[in-house]
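First the structure, in the form of structure tokens, and then the observations on it.
There are 2 protein chains.
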Amino acid sequence: MWVTSKEPAPRLRKSPEQVRSAVHQAVIDLLSDPEGADLTIPAVAQRAGVNHTSVYRRWGSREALLADVVVTRLERDWPLADTGSLRGDLTAWAEAGVASIRTAEGRLLIRAVALSMPGSATAQGERAQQFQRRLGAIERIRERAVTRGEVPPPLDQILDQLVAPLYLRAIFGIDPPASGYPELLVDRLLGGTGASRPG
Amino acid sequence: MWVTSKEPAPRLRKSPEQVRSAVHQAVIDLLSDPEGADLTIPAVAQRAGVNHTSVYRRWGSREALLADVVVTRLERDWPLADTGSLRGDLTAWAEAGVASIRTAEGRLLIRAVALSMPGSATAQGERAQQFQRRLGAIERIRERAVTRGEVPPPLDQILDQLVAPLYLRAIFGIDPPASGYPELLVDRLLGGTGASRPG
DNA sequence: CTCCTTAAGCACAGATCTGTGCGTACGGCA
DNA sequence: TGCCGTACGCACAGATCTGTGCTTAAGGAG
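For the protein sequence lines, the chains are A and B, in the order given.
According to full-length UniProt numbering, the first sequence is numbered sequentially starting from 1.
According to full-length UniProt numbering, the second sequence is numbered sequentially starting from 1.
Right, here's the structure in full:
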């Protein structure tokens, strides 16, 4: 009894880059697509068309994988602009954020920033630290402003009035006002028209 | 070969209320205590000294259990005050929030509000809706203000300037400024001293 | 072309989670 | 006191996740 085409199954193998790309996309898909798919490593691997051991060995854990995807995509989709002024930089940053929030993927990524942090209370310092890294863009904006001779608001205030609204809306899926939102936030932060100019 | 004390193991059983209480506390403990304990139902049950089937049958899923704990505790720890004025109500609400944020348990609960939502993008509407329920306090504060003849800021603005900073700090474990923070937030929202008085 | 390092795929197994059926303790009620 | 519904604990089992050892394909260096 012969089985036709008994070739030993070409076993086509993906290159490391293909694996990386496919797995990343699979994570996004699983976060987006089904209702409450629980983003397990076998599920990701299957969706990516990759053996699950490849994922286990490369990333080690679900947390690490998620963090990798989030950092990679967010740094690509929510970049740091350099417009030459504090107000311009903050507005550009907020605009990029609003644009991200308006896409399903963007909301998922920002939300995952909160989820991907180590979940314990003991690790609260870690979480703050990781988040601070994500806030590197804000810090650099402030530093550039100082170099220029501008006086930026303290980080706490930027957190409260610019970062927090964007993150809250992303996490809970609340649409931002239809138009002028980035400018509105920056105006509230810096004052009506241009209050942050040096003396 | 006789085994000494062959009594059939008294099989001491907890009452439903004891189970509920022990399980709730176990969830809090597991969220707080270890590094990255993953809050599985067996783990919760073991920590609570309860059979895991009890948890499965009563709550059904990890998500439902977490949501139950969060709602119960938050409504207890972050209540809604009635001070007789919009400014007073908002300040009291913010003060309660800051107090919660300063405790490890409070941060965990608020953070869990975000985590306990159904994780899919499709269910974004649901998440917003659930969050809106948590915002019932804010809505009631606004309604009472309107009844009094005051003109409260739109919900969006309260979200941006009062709710978002508190939630962001809770989720990412960023300590609020040492003193005067609730008043600071409310002042930014309503204006320096008492701008929300009716005409 | 050959060697060599890297990493993907396969087979297999232990651990853990999830869920079901059954017996029975507890509290309320007549 | 006896009956009865609720729901807790136990035993057991299927599914799924997590991880290991091995083989082998792919790409670069000499």
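Where a beta carbon is used, it is the ideal one built from N, C-alpha and C, also for glycine.
> Quick one: Cα of residue 25/B to Cα of residue 179/B, how far?
Replying inline: Position 25 of the second sequence, counted from the start, is the residue given in the question as residue 25/B. Position 179 of the second sequence, counted from the start, is the residue given in the question as residue 179/B. So the alpha carbons of these two residues sit roughly 31 Å apart.
> If you run the structure through DSSP and keep just helix, strand and coil, what is residue 174/A?
Replying inline: What you label residue 174/A is simply residue 174 of the first sequence in a count that begins at 1. Reduced to three states, the DSSP call for residue 174/A is coil.
> So what's residue 179/B in DSSP terms, helix, strand or just coil?
Replying inline: Position 179 of the second sequence, counted from the first residue, corresponds to residue 179/B. DSSP places residue 179/B in coil when its eight states are reduced to three.
> What do you reckon, are the CB atoms on residue 30/B and residue 43/B nearer than 8 Å?
Replying inline: On the second sequence, residue 30/B is found 30 positions in, with the first residue counted as 1. On the second sequence, residue 43/B is found 43 positions in, with the first residue counted as 1. In this structure, residue 43/B lies closer than 8 Å to residue 30/B by Cβ.
> Relative to the ligand HEM, is the shortest distance from any of its heavy atoms to the C-beta of residue 76/A smaller than 7 Å?
Replying inline: This structure lacks the ligand HEM; in fact it carries no ligand of any kind.
> Which runs of the alpha helix (DSSP H) spanning at least 4 residues fall entirely within the segment 83–109 of chain B, listed in chain order?
Replying inline: 86–102
> Should residue 16/B be flagged as near chain A, meaning a C-beta pair shorter than 8 Å?
Replying inline: As a position in the second sequence, residue 16/B is number 16, starting the count at 1. It does not: the Cβ of residue 16/B has no partner Cβ on chain A nearer than 8 Å.
> How would you list, in chain order, the residues of chain A whose beta-carbon sits under 8 Å from the beta-carbon of residue 114/B?
Replying inline: By one-based count along the second sequence, residue 114/B stands at place 114. Within chain A, the residues near residue 114/B are 111, 114, 115, 171 and 172.
>> Here's a check: name, in chain order, each residue in its chain whose Cβ is nearer than 8 Å to the Cβ of residue 186/A, leaving out the five neighbours to either side.
In response: Counting from one through the first sequence, the residue named residue 186/A turns up at place 186. Excluding sequence neighbours, residue 186/A sits near 87, 90, 91, 94 and 162.
>> On the criterion of 16 or more Cβ atoms from any shown chain inside 10 Å, does residue 111/B qualify as buried, or is it exposed?
In response: For the purposes of this step, residue 111/B is taken as the residue at position 111 of the second sequence. Answer is buried; the Cβ neighbour count reaches 16.
> Using 8 Å as the threshold, is the segment 72–87 of chain B in touch with the segment 103–110 of chain B, meaning 3 or more CB pairs across them?
Replying inline: yes
> Any C-beta of chain A sitting closer than 8 Å to the C-beta of residue 42/B?
Replying inline: Taking the second sequence and counting its residues from 1, the one referred to as residue 42/B is at position 42. Not an interface residue.
>> Is there a Cβ of chain B sitting closer than 8 Å to that of residue 67/A, yes or no?
In response: To locate residue 67/A, count along the first sequence from 1; it is residue 67. No, residue 67/A does not count as interfacial toward chain B.
> What number of angstroms, rounded off, separates the C-alpha of residue 177/B from the C-alpha of residue 171/B?
Replying inline: Your numbering for residue 177/B matches position 177 in the second sequence. Your numbering for residue 171/B matches position 171 in the second sequence. Taking the straight line from one Cα to the other gives about 16 Å.
> So, is the C-beta of residue 77/B closer than 8 Å to a C-beta in chain A?
Replying inline: Here residue 77/B corresponds to residue number 77 of the second sequence, with the count starting at 1. Closer than 8 Å: no.
> Distance, Cα to Cα, residue 67/A vs residue 113/A?
Replying inline: The residue you call residue 67/A lines up with position 67 of the first sequence. The residue you call residue 113/A lines up with position 113 of the first sequence. Going by the C-alpha atoms only, they are around 7 Å apart.
> If you compare alpha carbons, which of 82/A, 14/A and 28/A is closest to residue 140/A?
Replying inline: Start at 1 with the first residue of the first sequence, and residue 140/A comes out as number 140. Of 82/A, 14/A and 28/A, the residue nearest in Cα terms is 82/A.
> Who are the near neighbours of residue 41/A in its chain, counting only those whose CB is closer than 7 Å to its CB and skipping five residues on each side?
Replying inline: In the first sequence, the residue the question calls residue 41/A occupies position 41. 52, 55, 56 and 62.
> Nearest chain A C-beta to residue 90/B closer than 8 Å, yes or no?
Replying inline: For the purposes of this step, residue 90/B is taken as the residue at position 90 of the second sequence. By this cut-off, residue 90/B is not an interface position.
>> Report the CB separation of residue 200/B from residue 152/B in whole angstroms; it is logged as a contact under 8 Å.
In response: Given that chain B is displayed from residue 1 to residue 199, the structure contains no residue 200/B and the question cannot be resolved.
> What is the residue span of the alpha helix (DSSP H) that residue 22/A lies within?
Replying inline: Along the first sequence, one-based indexing puts residue 22/A at 22. Residues 16–32.
> Three-state secondary structure (DSSP) at residue 54/A?
Replying inline: Reading the first sequence from its first residue, position 54 is the one you call residue 54/A. Reduced to three states, the DSSP call for residue 54/A is helix.
>> Quick check: the Cα distance between residue 192/B and residue 150/A, rounded to an integer number of angstroms?
In response: The residue given as residue 192/B occupies position 192 in the second sequence. The residue given as residue 150/A occupies position 150 in the first sequence. Those two C-alpha atoms are separated by around 25 Å.
> Can you find a CB in chain A that lies within less than 8 Å of the CB of residue 161/B?
Replying inline: Taking the first residue of the second sequence as 1, we reach residue 161/B at position 161. Cβ-Cβ to chain A under 8 Å: yes for residue 161/B.
> Mapping DSSP to helix, strand and coil, what is residue 37/B?
Replying inline: Reading the second sequence from its first residue, position 37 is the one you call residue 37/B. Correct three-state label for residue 37/B: coil.
> For residue 73/A, which option in 23/A, 182/A, 174/A and 33/A has the closest C-alpha, if you only look at C-alpha atoms?
Replying inline: Working through the first sequence from its first residue, we reach residue 73/A at position 73. Ranking the options by Cα distance to residue 73/A, first place goes to 23/A.
> Name the chain B residues that come within less than 7 Å of residue 164/A, Cβ to Cβ?
Replying inline: By 1-based counting over the first sequence, the position of residue 164/A is 164. The answer, in chain order, is 164, 165 and 168.
>> Counting only C-beta atoms, is residue 29/A closer than 8 Å to chain B at any point?
In response: What you label residue 29/A is simply residue 29 of the first sequence in a count that begins at 1. It does not; no Cβ of chain B falls within 8 Å.
> From 59/B, 17/B, 167/B and 19/B, pick the residue whose C-alpha is nearest to that of residue 96/B; which is it?
Replying inline: Here residue 96/B refers to the residue found at position 96 of the second sequence. Closest option to residue 96/B, Cα to Cα, is 167/B.
> By Cβ distance, which residues of its chain are closer than 6 Å to residue 100/A, with the 5 residues on each side in sequence left out?
Replying inline: Here residue 100/A is taken as the residue at index 100 of the first sequence, counted from 1. Only 77, 78 and 106 meet the Cβ criterion.
> Of all the CB atoms in chain B, is at least one closer than 8 Å to the CB of residue 153/A?
Replying inline: In the first sequence, counting from the first residue as 1, residue 153/A sits at position 153. Closer than 8 Å: no.
> Whole-angstrom Cβ separation of residue 165/B and residue 164/A, contact assumed at under 8 Å?
Replying inline: For the purposes of this step, residue 165/B is identified with residue 165 of the second sequence, where counting begins at 1. For the purposes of this step, residue 164/A is identified with residue 164 of the first sequence, where counting begins at 1. The pair is a contact, with the Cβ atoms about 5 Å apart (cut-off 8 Å).
>> Distance cutoff 8 Å, beta carbons only. Does residue 156/A sit that close to anything in chain B?
In response: Taking the first residue of the first sequence as position 1, residue 156/A is located at position 156. Chain B, which has a Cβ nearer than 8 Å to the Cβ of residue 156/A, makes this yes.
> Can you list, in chain order, the residues of its chain whose CB lies under 6 Å from that of residue 69/A, leaving out five sequence neighbours each side?
Replying inline: Stepping through the first sequence from its first residue, residue 69/A is reached at position 69. Result list for residue 69/A: 24 and 27, in chain order.
>> Quick check: what's the CA-CA separation for residue 19/B versus residue 175/A?
In response: Locating residue 19/B in the second sequence gives position 19, counting from the first residue. Locating residue 175/A in the first sequence gives position 175, counting from the first residue. C-alpha separation (whole angstroms): 40 Å.
> Of all Cβ atoms in chain A, is any one closer than 8 Å to the Cβ of residue 182/B?
Replying inline: Translated into the one-based positions of the second sequence, residue 182/B becomes position 182. No, residue 182/B lies away from the interface with chain A (no Cβ there is under 8 Å from its Cβ).
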